[in-house]
Structure formats: structure tokens, C-alpha cells
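Each residue of the sequence shown is one higher than the one before, starting from 1430 at the first, in my numbering.
Heads up, the beta-carbon is just placed ideally off N, CA and C, and yes, glycines get one too.
This structure is a prediction, so every number in the text was calculated from the model and none was measured.
Before any comments, here is the structure.
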Amino acid sequence: MSVFVSGATGFIAKHIVGQLLEQNYKVIGTVRSQTKINLLNKQFGNNPNLTLEIVEDISKPNAFDEVIRKHAKEIKYIIHTASPFHFETTEYVKDLLNPAIQGTKGILESIKKYAADTVERVVITSSYAAIKTFERENDSTFIVDESNWNPDDWEACQANAGRAYCGSKKLAEKAAWDFLEKNRDIVQFKLSTVNPAYVFGPQRFDDDVTTKLNTSCELVNSLIHTPSDGLFKPAGIYAGYVDVRDVAKAHLIAFQSKEAVGQRLMLYAGKFSSQDIADILNEDFDCLKGQIPIGKPHMGVLGVGPQGCIIDNSKTRRILSFELVNLKKTIHDTAAQILKYEGKL
């Protein structure tokens, strides 16, 4: 039986596909073009256990119908990672909200039509953005666990790109849980979601290191390329983090573990600020000393900075049963890959 992975060229998805192949699963992945099929096949060494199909636009009606129908008898598990993640738009409904919501609804409808009796588990890549409450992120009395939901309504989700992205993850995830509730008598699958905070860590392949990385890793990349006298806000970013290798591992556990059925896995290893990233880069890489900003050393979250809301993802950690990568390692590994690619290490 096979594992179906949508959006297989994504930062997280490539790690998922890699770990699945390492565990000898057969993988059916979707990408947006033949060019991406060629790239993935090359990167994964033309692995015979990897089959790739084209789904050009996940937001179109019936986008997944053909591929799900074609492979219905093979697919046992589905991991839906495909969703837009960028802030470079002002058309929030068209570019963020609708693609995320319709893509999730669409793949579930395709399962219902063609694989209702064969698909056993579905894992949706959601986000901590679907959990967080913007106004209380810095409230040290506020406890956040797997049961929390982003309270933004449809109108609030259109306030700016950040809130639109967060809203897209919340509304897409809600759509998945609602779909299952309404179709329990028709579909057989059990649902789990994976809700990571900012995702750092190395790209699955070194040749994926380009001048513009995924949104989270670009925080590291941009600081590496900020001159020592350049604009730098030590507290410019203050948020939670997790390593991409842990995120991929959690996706596998989400369909392998009985304890993960019906659960939201909140992947949140700890907190960080821009200052913490600067500290790690300056301490770990001689080639960057004197070349990038130092800010206010050791005044970030790892030092004496504010801690904000209380994160309680103890349920998730029990289900995962492995130690999450710490901030120093995930930032170090992210930066080391970039610097090696640029010939600085």
C-alpha cells in the first residue's frame, strides 16, 4: 500500500517523502508541473518506490479527482501538505484563503468519491497559526495547548497578509474536521493534523539552497546577508520554532500511531527572537563575525527576553515520544547548509 503526499516539492514535504522512502513505503506525490517531476526524480535518485503526478492548481474544483481515482486501490494513507505560504500578496482571499480551504476540501471530497473504503488515515499539515491568538501571544498568564483555536473570523483574516495566512490554516483545518464529522458514515479514514510553529532546519537537498528560501528559513538567510551596520531589530521576530526533520517525523507518527487518531499535534520546541538567531550565528560561524549585526547579545528569549504565553504541548510530546531538536542545532544546521552552498565553509 502507498502513502499519498500532496505538494511533494515543499520544504516540509521533501523531508516527509525522504523519510517515507527510507522506511520503505511506496509514495505517490503530487507536484505542479513536469519540470518539478523531473527535479524530484533526480533528487531522489529515480527511486522506484516514488511515483509523481501533476496537480496544477489545488484550488480548482475536482483538482485531485483524477489522481485519487487512478491510485484509489493503492492508497492507504494520505498526507496533505499542499497549501500557500507567502506574504507577498494583497489579494488575501484569492491567493491565501481560498487555495488553502478549497485544496483541503477538494482532496477530502476526492477521497469520498473514489477511495472512501481504502484510505485509512489522513494527515493534514496545519500550523500553530491555526491555534494561536494574536492578541495574547505575549500574555504570560495565557496557556496555549492543542485545544486552542485561532479566534479570527473571516473578516479579521483579511486584515493583512500575516492574519490571512494564519486564517487560511485555521479555516482549512476546520474544514477538514467538519468534513469528517459530516461524512463519518461514508468515509473510513481517521484524521490527524500537524500544527508546527516556525519551521527551521536544512533543506532536504543541498541544491534547494537558493537566494530565496521558504519563509521561516529566510529569517536565517536574510540575517546572514545583512551587513554588520545594516538594519536589525533584535526583537523583530518573536515566536515559536520547530525543526523540519522533527516535523516530517511527526507526520509519519500521525498515521502510524493509534494515539494520534483525532489529535492535533502542536509542534513547538520552544521560543526564539531575532536576537537569538543573531547570537547563534555570531557564536558558531567565524566567517560571519564582524560581517553581520550582533544586536544586543544574549538579550533574546534564550537569555533574559520576555517569554510570552505559556505553551503546553505535553500531549503532543507524549504521542511523539522523541526529543525535539533545540534552537541552537536547528539554526546552526540551517545556516551551515547556506554557508557551504555559498562556499564560505
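Note on Ile1508: 16 or more other CB atoms within 10 angstroms of its CB, so buried under the neighbour-count rule. Considering only Tyr1667, Asp1658, Glu1485 and Ala1593, the residue with the shortest C-alpha distance to Arg1461 is Glu1485. Between the segment 1689-1702 and the segment 1666-1673, the count of Cβ pairs shorter than 8 Å is three or higher; the stretches touch. In this chain, the alpha helix (DSSP H) harbouring Leu1648 covers Thr1644 to Ile1653.
Counting only residues of its own chain and dropping the five nearest sequence neighbours on each side, Leu1642 has a CB closer than 6 Å to the CB of Asn1650. Beyond the five residues adjoining it in sequence on each side, Asn1478 comes within less than 8 Å, by CB distance, of Leu1450, Asn1453, Tyr1454, Lys1455 and Val1456 in the same chain, given in chain order. Inclusion of Pro1625 and Ala1679 in the CB contact set at 9 Å is warranted, their separation being smaller than that value. According to DSSP, residue pairing for Glu1482 in a beta bridge involves Thr1459. CA-CA distance, Leu1753 to Gln1632, rounds to 18 Å.
Going by beta carbons, Gly1724 and Pro1663 fall inside the 9 Å limit. In the DSSP assignment, Lys1505 falls within the unbroken beta strand (DSSP E) covering Ile1504 to His1509.
Of the residues assessed, Arg1693 falls on the buried side of the cut-off, its CB having 16 or more other CB atoms within 10 angstroms.
Between the segment 1543-1562 and the segment 1588-1607 there are three or more C-beta pairs closer than 8 Å, enough to call the two in contact. Nearest in C-alpha terms to Ala1585, of all of Glu1564, Glu1575 and Ile1572, is Glu1564. Taken in chain order, the complete alpha helix (DSSP H) segments of 4 or more residues contained in the segment 1588-1649 are 1590-1611.
Going by C-alpha positions, Ile1553 is about 38 Å away from Ile1721. Note: Gly1436 is not bridge-paired with any residue in the DSSP secondary-structure output. The way I'd put it, the segment 1608-1618 doesn't touch the segment 1683-1690; fewer than three beta-carbon pairs between them come closer than 8 Å. Judged by beta-carbon spacing, Met1430 lies beyond the 9 Å limit of Glu1495, meaning their Cβ atoms are not closer than that value. Comparing alpha carbon positions, the residue from Asn1567, Ile1466 and Ser1539 closest to Ile1487 is Ser1539.
Ranked by Cα distance from Leu1731, the first of Gln1587, Thr1655, Val1673 and Asn1755 is Asn1755. In the DSSP assignment, the residues bridged to Phe1701 are Ala1668. Residue state for Leu1660 is assigned as coil, using DSSP reduced to three classes. The bridge partners DSSP lists for Thr1554 are Val1623. According to DSSP, Leu1774 shares a beta bridge with no other residue. If you draw a straight line from the Cα of Ile1536 to the Cα of Asp1574, it is about 28 Å long. In this structure, Thr1510 and Gly1630 do not form a Cβ contact; the two beta carbons are roughly 15 Å apart against a cut-off of 8 Å.
If you ignore the 5 residues before and after Gln1531, its C-beta comes within less than 6 Å of the C-beta of Ser1488, all in its own chain and listed in chain order.
With contacts defined by Cβ atoms closer than 9 Å, Ala1593 and Tyr1521 form a contacting pair. Judged by DSSP secondary structure, Arg1747 falls within the alpha helix (DSSP H) whose first and last residues are Ser1743 to Leu1749. Rounded to the nearest whole angstrom, the C-alpha separation of Val1616 and Val1548 is 8 Å. The three-state reading of DSSP puts Ile1530 in helix, counting H, G and I together. Put simply, of Asp1636, Leu1525, Ser1743 and Glu1771 the residue whose alpha carbon is nearest the alpha carbon of Asn1589 is Leu1525. It is roughly 11 Å from the alpha-carbon of Arg1550 to the alpha-carbon of Thr1622.
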